[in-house]
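What follows is a single structure, written as structure tokens, with notes after it.
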Amino acid sequence: MQVSQLIGSWYDSHKRSLPWRENPEPYRIWLSEIILQQTRVNQGMPYYTRFTERFPTLRELADASLDAVLLAWEGLGYYNRAHNLHRAAQTIRDEHQGIFPSDYSSIRALPGIGDYTAAAIASLAFNLPYAAVDGNVYRVLSRILGIPDPVDTSSGKKTFQNAANSLLDRQLPGRHNQAMIELGALVCLPKNPQCSSCPVQHCCWAFKEGITRELPTKNKKSRIRNRYFHYLAIWQDHNLYIKQRNAKDIWPMLYELPLIETPHPAELETLMLSREWQTLFHGTKVTLLNTSRSYLHKLSHQHIHARFYKIKVEPDYTLEEYRAVPADEFNRYAFPKLILSYFNTMKQ
Ligand code: ADE
Ligand code: SF4
Numbered sequence: 032m033q034v035s036q037l038i039g040s041w042y043d044s045h046k047r048s049l050p051w052r053e054n055p056e057p058y059r060i061w062l063s064e065i066i067l068q069q070t071r072v073n074q075g076m077p078y079y080t081r082f083t084e085r086f087p088t089l090r091e092l093a094d095a096s097l098d099a100v101l102l103a104w105e106g107l108g109y110y111n112r113a114h115n116l117h118r119a120a121q122t123i124r125d126e127h128q129g130i131f132p133s134d135y136s137s138i139r140a141l142p143g144i145g146d147y148t149a150a151a152i153a154s155l156a157f158n159l160p161y162a163a164v165d166g167n168v169y170r171v172l173s174r175i176l177g178i179p180d181p182v183d184t185s186s187g188k189k190t191f192q193n194a195a196n197s198l199l200d201r202q203l204p205g206r207h208n209q210a211m212i213e214l215g216a217l218v219c220l221p222k223n224p225q226c227s228s229c230p231v232q233h234c235c236w237a238f239k240e241g242i243t244r245e246l247p248t249k250n251k252k253s254r255i256r257n258r259y260f261h262y263l264a265i266w267q268d269h270n271l272y273i274k275q276r277n278a279k280d281i282w283p284m285l286y287e288l289p290l291i292e293t294p295h296p297a298e299l300e301t302l303m304l305s306r307e308w309q310t311l312f313h314g315t316k317v318t319l320l321n322t323s324r325s326y327l328h329k330l331s332h333q334h335i336h337a338r339f340y341k342i343k344v345e346p347d348y349t350l351e352e353y354r355a356v357p358a359d360e361f362n363r364y365a366f367p368k369l370i371l372s373y374f375n376t377m378k379q
């Protein structure tokens, strides 16, 4: 039997029962693929359920406000995915008569859809012969075929795409792609591949050579940028000042507290001398109520180190461009997970 057939029949008997597999409409497959782009299945599942409940059809998603979509996405991270999801739904409503496009190039042209996601949707929803190559598939291919090329270079990516194309089962491309992903998610794991229960062990290069740990390879470790966020939880009576972030940085359009950012760790005394502090408080009387622990929030290329300062201001204080919101209304706004974690400590 060929590799793709071995993996395909293993998939038939070992696959997880997932809602978008049971009900493979294009809208649901697309939604699941966007949610799973940077998220594991267990973590993404509640969001998939929430989206299909709040926005049962593409039309309802397209007609919803961006704030409603961001609120449903709250806590999942990489919020550009939610912005693009909303934009793509509107594109389909306005340019495709509300019907999910069924050819590869129209799918690929939608916001938030790259080569992998376009191939996944084309094959899973429309059974078109495109090989979907994501991180799971790089790992499985590099090990089975012994491909040493780095997965983070464009020439390496081409090598993997070509290998995936020649392995593709053209009769059942949807099943094939899911099977590759599933093998990577359940058996051919990054750290401890379960070779003893793998359907292709007898024809796997890395297993035979004993080099599963060495594959796949990367050209360079991604550089992590450290950022230091000093959030000011400014309370005036029972209200907290918040504002919407702009679209340029991480967490576009989510809500947050007044923020002073520094490129290095900084103490409160230093912050108090900064121009930002002057702009926020312009000499008004402030009382520091407490200082939180340091929070570490890891994104793919940045580490955010955050601290929250709880501050009380007097009734005559005002802060332009911010709104003062009572605690029982926080749930109307979408906040980054980091800020939600801080709010949770306030409730105890
Ligand atoms: N990760 C990305 N796409 C997936 C899918 N269709 N099933 C399971 N895990 C996935
Ligand atoms: Fe991965 Fe091991 Fe299977 Fe090879 S034998 S594909 S390394 S799980």
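Numbers given in the working numbering equal positions in the sequence shown, counted from 1, plus 31.
Backbone N, C-alpha and C define an ideal beta-carbon position, used for all residues, glycine too.
On the three-state DSSP scale, how would you describe residue i?
i           : result
residue 261 : strand
residue 238 : helix
residue 247 : coil
residue 256 : strand
residue 355 : strand
residue 344 : strand
residue 54  : coil
residue 64  : helix
residue 218 : coil
residue 223 : coil
residue 231 : coil
residue 131 : coil
residue 33  : coil
residue 44  : helix
residue 49  : coil
residue 363 : helix
residue 143 : coil
residue 376 : helix
residue 369 : helix
residue 201 : coil
residue 349 : coil
For the ligand SF4, is there any heavy atom lying closer than 7 angstroms to the beta carbon of residue i?
i           : result
residue 238 : yes
residue 221 : no
residue 224 : yes
residue 174 : yes
residue 33  : no
residue 232 : yes
residue 171 : yes
residue 384 : One cannot answer for residue 384 here, as it falls past the ends of the chain, which runs 32 to 379.
residue 243 : yes
Report whether the distance from the Cβ of residue i to the nearest heavy atom of the ligand ADE is below 7 angstroms.
i           : result
residue 63  : yes
residue 67  : yes
residue 217 : no
residue 116 : no
residue 209 : yes
residue 72  : yes
residue 151 : yes
residue 212 : yes
residue 199 : no
residue 107 : no
residue 49  : yes
residue 165 : yes
Note down, in chain order, each residue of its chain lying with its Cβ closer than 6 angstroms to the Cβ of residue i, except the 5 sequence neighbours on either side.
i           : result
residue 46  : 213
residue 75  : 66 and 67
residue 210 : 38, 39 and 42
residue 322 : 340
residue 229 : 218
residue 93  : 120, 121 and 124
residue 99  : none
Between which residues of its own chain and residue i is the CB-CB distance below 8 angstroms, once the five residues before and five after are set aside?
i           : result
residue 246 : 170, 173, 174, 177, 178, 179 and 237
residue 160 : 154, 199, 201 and 204
residue 36  : 200
residue 254 : 332
residue 292 : 258, 259, 260 and 261
residue 270 : 355, 356 and 357
In chain order, what residues of the same chain lie with their CB nearer than 7 angstroms to the CB of residue i, ignoring the 5 residues before and after it?
i           : result
residue 256 : 332 and 333
residue 133 : 157
residue 361 : 374
residue 231 : 34, 37, 38 and 175
Is the closest heavy atom of the ligand SAM to the C-beta of residue i under 7 angstroms?
i           : result
residue 368 : By its list of ligands, the structure shown excludes the ligand SAM, since it contains just the ligand ADE and the ligand SF4.
Ordered list of alpha helix (DSSP H) runs contained in the segment 156-191, each at least 4 residues
166-176
Tell me the start and end of each unbroken alpha helix (DSSP H) in the segment 250-338 that is at least 4 residues and wholly inside, in chain order.
299-303 and 306-312
Entirely enclosed alpha helix (DSSP H) segments - the segment 57-129, minimum 4 residues:
57-66, 72-85, 89-94, 97-104 and 111-126
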